Amino acid sequence: MRPLRFALAQGLLLNDALTALRAIGLDVSGITPGGRRLVVAGGDIEFVLARPSDIATYVERGAADLAIVGKDVLLESGARVIELVELGFGACRFVVAAPRDAVERSLDEYRHLGTLDVATKYPNVAERHFRARGIAVEIVKVAGSAEVAPLVGLADWIVDLVATGTTLRANGLAVIEEIASSTARLVANPAAYHLRRPEIAPMAERLAAWAAAR
Amino acid sequence: MQQQGPIGPPRGFRDILPTEARELGVIEQTLADVFADSGFTPLHPPLLEYGAVDPAKRRPIQFLDSDGTLVALRPDLTTSVARLVAGRYRDLTGVLRLSYVAPVFREEPAMTGGAREVLQAGVELVGGDGALADAEILALLAESLERCGLSVCEPTLQVGNIRLVNALFGAVPDETRAEILQALRQGDVPRALGRARDAAMPEGDLERANRALTGIRVDGVDKGELCRVIELARERWPGKEGRWGAPNAALVPALPYYTGIVFEAVHPHAGVIASGGRYDLLIGAFGKPRPAIGFAIDVLQLHRALYADRWQPRGQRPLLLLRPSADDRATMRCAAALRAGGLAVALGDVVERAGRAVIYAEVIDESLVKLDDGRVAEAASLGSEVAS
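As they're listed, the protein sequences go chains B and P.
Numbers in the numbering used here are just positions in the first sequence, counted from 1, shifted up by 372.
Numbers in the numbering used here are just positions in the second sequence, counted from 1, shifted up by 85.
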């Protein structure tokens with residue numbers, strides 16, 4: 373059997389993830405954030421670095437057995453993986469936001485025109501949320517900077533991921549509603565988790581203990 | 086008008102060409118034999134069922150027929166069989182042993198590599214109750230995989246029980262427990278435990294549930310119950326040392342209808358290749374409730390696993406490619422004599438041989454052929470010669 377393969381998201385979560393893995397005694401010395409080597413051996417484990425949104429796909433399809441990835445990514449991708457441990461770092465929230473001075477106007481528009489345009493990088497999360505709330509919206513998918521959309525008239529509202537809310541405030545947006553909160557999770561491919569439980573479970577236990585002690 | 090239609094099938098569907106089809110045929114035949122050896126008889130539910138909201142959130146491929154009725158390509162066969170049993174066998178309360186080898190269809194998002202057509206082979210034991218039925222079906226799954234050529238080792242078959250998972254969360258109200266089960270079906274262990282903590286489940290129980298769901302070992306009582314059914318299933322091969330079947334309290338399949346024992350067959354390359362369990366309430370959704378248990382093997386995933394294990398389908402008799410002579414009548418008669426002698430014969434050449442061995446021969450007259458090495462043979466007796 374090949375070594376256990378552990379996928380890590382490049383970007384904001386990487387440093388915290390490496391801290392966690394170091395704390396439970398894994399050898400992550402070969403991984404340099406921003407480095408060019410994307411597959412790195414670390415003792416009995418092979419680490420793979422990938423974009424956060426690809427991590428869920430890697431694990432769902434069994435290309436990686438384990439990963440540390442944000443709940444936000446899992447919510448958007450809908451990937452079928454097993455979430456084992458909530459790690460506590462990387463906290464952020466999915467929110468609905470609108471121009472601070474135009475919430476009333478957009479509600480009036482909704483009464484008269486029957487629908488609102490919502491710009492987002494996360495169409496699945498946004499669609500699910502508004503469907504559950506029974507609000508009729510048109511989702512406009514953008515690849516970045518959704519907070520600009522209301523300013524330029526692309527959409528009325530946005531659904532975005534925020535950590536502190538600074539970017540929203542800087543663009544004159546206010547949070548209307550929180551959809552879900554997110555932190556980093558240890559996830560496993562279901563088949564790999566069942567098949568290689570003796571290798572995976574102790575790691576999950578130690579990471580849970582590390583997260584609880586923080 | 087120039088028409089440049091798409092040349093491949095729609096996304097998520099694919100052509101199965103002869104090499105693969107031949108191997109799948111061997112697997113399907115083996116599975117049909119194994120099922121028949123345990124008294125299961127095949128049936129064919131229809132390809133279309135009424136469309137409905139699926140509680141498992143699987144998205145069936147649905148459309149409106151010309152009456153405006155919402156219909157769906159069946160997303161699984163267990164539900165079809167349950168509907169059929171509740172309707173057609175409503176007055177027959179005894180035991181039914183039904184089997185199928187048939188495709189099911191599921192909507193998958195684009196660009197995820199997901200297949201929308203899945204070939205399933207499975208059995209449903211309706212009316213079978215208790216540990217004996219559980220063990221028999223579990224053993225039948227092991228036998229099915231093994232007779233197809235898969236080496237079944239201890240972790241290949243994971244065995245859990247929804248009743249035990251329910252018992253782990255026995256301290257919380259029913260409604261909360263349903264939410265917890267739903268989180269576990271979606272694979273979200275932290276949310277399940279968080280929900281239990283919010284419902285003021287005692288710390289000791291929480292710890293125990295956490296250990297059972299994410300720990301290495303399964304605890305005393307739970308392990309006992311899971312091991313009992315595995316040990317009973319192993320009695321299918323009395324005295325045989327081979328250990329297969331791993332107790333796993335964390336096994337909670339995504340399908341919502343399971344009520345008791347659940348099991349999955351997993352393979353390092355192919356992932357989950359079979360799953361099943363007891364679903365005592367599903368038939369009740371269509372009529373009178375009846376205990377039932379079954380499993381479905383994903384035949385394409387099983388094939389993938391066998392391929393990864395360098396499996397070869399059992400030998401097929403070689404194909405004789407017969408070069409015709411100028412006398413068509415003699416050619417036809419010669420081919421007939423060869424076939425009567427037990428050979429598979431094709432007139433002329435065949436490009437797609439699907440990995441099958443071929444012999445060349447040329448018609449001399451209606452009873453004689455010339456083989457490639459120049460030897461002349463009797464058409465009627467060549468078959469037995471090749472066989473030996």
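The beta carbon of each residue, even a glycine, is placed where N, CA and C say it ideally should be.
No experiment lies behind these values; they were computed from the predicted model shown.
Is residue j closer than 8 Å to residue i when the C-beta atoms are compared?
i, j, result
"Glu202 of chain P", "Gly97 of chain P", "yes"
"Asn333 of chain P", "Gln243 of chain P", "yes"
"His354 of chain P", "Glu108 of chain P", "no"
"Gly442 of chain B", "Gly462 of chain B", "yes"
"Asn295 of chain P", "Leu278 of chain P", "yes"
"Val448 of chain P", "Ser410 of chain P", "yes"
"Pro130 of chain P", "Ala117 of chain P", "no"
"Ala381 of chain P", "Gly361 of chain P", "yes"
"Leu518 of chain B", "Thr492 of chain B", "The sequence given here places Ala at residue 518 of chain B; Leu does not occur at that position. Their beta carbons are under 8 Å apart, which means Ala518 of chain B touches Thr492 of chain B by this criterion."
"His501 of chain B", "Ile551 of chain B", "yes"
"Leu467 of chain P", "Gly440 of chain P", "no"
"Val159 of chain P", "Ser165 of chain P", "The displayed chain sequence assigns Arg, not Val, to residue 159 of chain P. Contact flag set, yes."
"Glu349 of chain P", "Pro338 of chain P", "yes"
"Leu235 of chain P", "Val208 of chain P", "no"
"Leu269 of chain P", "Arg282 of chain P", "no"
"Val170 of chain P", "Thr241 of chain P", "no"
"Val156 of chain P", "Val180 of chain P", "no"
"Gly272 of chain P", "Ile511 of chain B", "no"
Counting contacts by CB-CB distance shorter than 8 Å, is residue i in contact with chain B?
i, result
"Asp383 of chain P", "no"
"Pro275 of chain P", "yes"
"Val166 of chain P", "no"
"Val357 of chain P", "yes"
"Val351 of chain P", "yes"
"Pro332 of chain P", "no"
"Thr299 of chain P", "yes"
"Gly362 of chain P", "no"
"Gly289 of chain P", "no"
"Pro94 of chain P", "no"
"Gln243 of chain P", "yes"
"Pro240 of chain P", "yes"
"Gly433 of chain P", "no"
"Gly97 of chain P", "no"
"Gly327 of chain P", "no"
Please name the residue, chosen from the options, that lies closest to residue i on a Cα-to-Cα basis.
i, options, result
"Ile597 of chain B", "B:Ala584, B:Arg586, B:Met575 and B:Ala585", "A query on residue 597 of chain B cannot be resolved here, the shown segment of chain B reaching from 373 to 586 and no further."
"Ala464 of chain P", "P:Ala421, P:Val257 and P:Arg262", "P:Ala421"
"Val468 of chain B", "B:Ile572, B:Glu571, B:Trp529 and B:Thr536", "B:Trp529"
"Ser449 of chain B", "B:Ala583, B:Thr555, B:Arg483 and B:Ser425", "B:Ser425"
"Leu133 of chain P", "P:Val461, P:Gly379, P:Arg191 and P:Tyr364", "P:Arg191"
"Asp394 of chain P", "P:Ala331, P:Phe148, P:Leu230 and P:Arg99", "P:Leu230"
"Glu481 of chain B", "B:Val509, B:Val457, B:Leu456 and B:Asp444", "B:Val509"
"Leu249 of chain P", "P:Ala431, P:Tyr342, P:Gly324 and P:Leu298", "P:Leu298"
"Ile572 of chain B", "B:Val420, B:Leu438, B:Val534 and B:Cys464", "B:Leu438"
"Ala474 of chain B", "B:Tyr565, B:Arg557 and B:Ile548", "B:Ile548"
"Ala585 of chain B", "B:Ala392, B:Cys464, B:Leu421 and B:Ala542", "B:Ala392"
"Gly406 of chain B", "B:Lys513, B:Ala381 and B:Val524", "B:Ala381"
At the 8 Å Cβ level, is residue i part of the contact set with chain P, yes or no?
i, result
"Gly402 of chain B", "no"
"His501 of chain B", "no"
"Met575 of chain B", "no"
"Ile427 of chain B", "no"
"Pro424 of chain B", "no"
"Pro471 of chain B", "no"
"Leu588 of chain B", "Since the displayed chain B opens at 373 and closes at 586, residue 588 of chain B lies outside it and no answer follows."
Rounded to the nearest angstrom, what separates residue i and residue j at their Cα positions?
i, j, result
"Ala413 of chain B", "Arg394 of chain B", "14 Å"
"Gly93 of chain P", "Leu102 of chain P", "13 Å"
"Ile346 of chain P", "Leu567 of chain B", "18 Å"
"Leu383 of chain P", "Asp214 of chain P", "Correcting the residue identity first, residue 383 of chain P is Asp in this sequence and not Leu. Roughly 25 Å separates the two Cα atoms."
"Gly289 of chain P", "Trp582 of chain B", "20 Å"
"Ser452 of chain P", "Arg418 of chain P", "8 Å"
"Thr154 of chain P", "Val111 of chain P", "38 Å"
"Ala224 of chain P", "Lys308 of chain P", "18 Å"
"Arg319 of chain P", "Trp329 of chain P", "8 Å"
"Gly324 of chain P", "Cys238 of chain P", "16 Å"
"Ala379 of chain B", "Arg168 of chain P", "43 Å"
"Asp388 of chain B", "Arg408 of chain B", "19 Å"
"Ser401 of chain B", "Ile417 of chain B", "12 Å"
Step through the CB atoms of chain A and report whether any lies within less than 8 Å of the CB of residue i.
i, result
"Leu336 of chain P", "Among the chains of the structure shown, chain A does not appear; the protein chains present are B and P."
Is any heavy atom of the ligand NAP found at a distance shorter than 7 Å from the C-beta of residue i?
i, result
"Arg408 of chain P", "Summarising the ligand content, the structure contains no ligands, and the ligand NAP is consequently not present."
For this session: Jot down the residue ranges of each uninterrupted beta strand (DSSP E) in the region 461-506 of chain B, minimum 3 residues, whole runs only, in chain order.
Result: Whole beta strand (DSSP E) segments, 3+ residues: 464-471 and 488-492.
For this session: Entirely within the region 407-468 of chain P and at least 4 residues each: give me those alpha helix (DSSP H) ranges in chain order.
Result: Complete alpha helix (DSSP H) runs here, min 4: 413-425.
For this session: Entirely within the region 407-434 of chain B and at least 3 residues each: give me those beta strand (DSSP E) ranges in chain order.
Result: 411-414 and 417-422, all fully within the region 407-434 of chain B.
Problem set entry | 4 or more residues per run - each alpha helix (DSSP H) lying fully within the region 528-583 of chain B | Counting only runs of 4 or more, we get 538-542 and 562-567.
Exercise. Which residue spans inside the region 105-178 of chain P form an unbroken beta strand (DSSP E) run of at least 3?
Worked result: For the region 105-178 of chain P, whole beta strand (DSSP E) runs of length 3 or above, ordered along the chain, are 133-135, 147-149 and 155-158.
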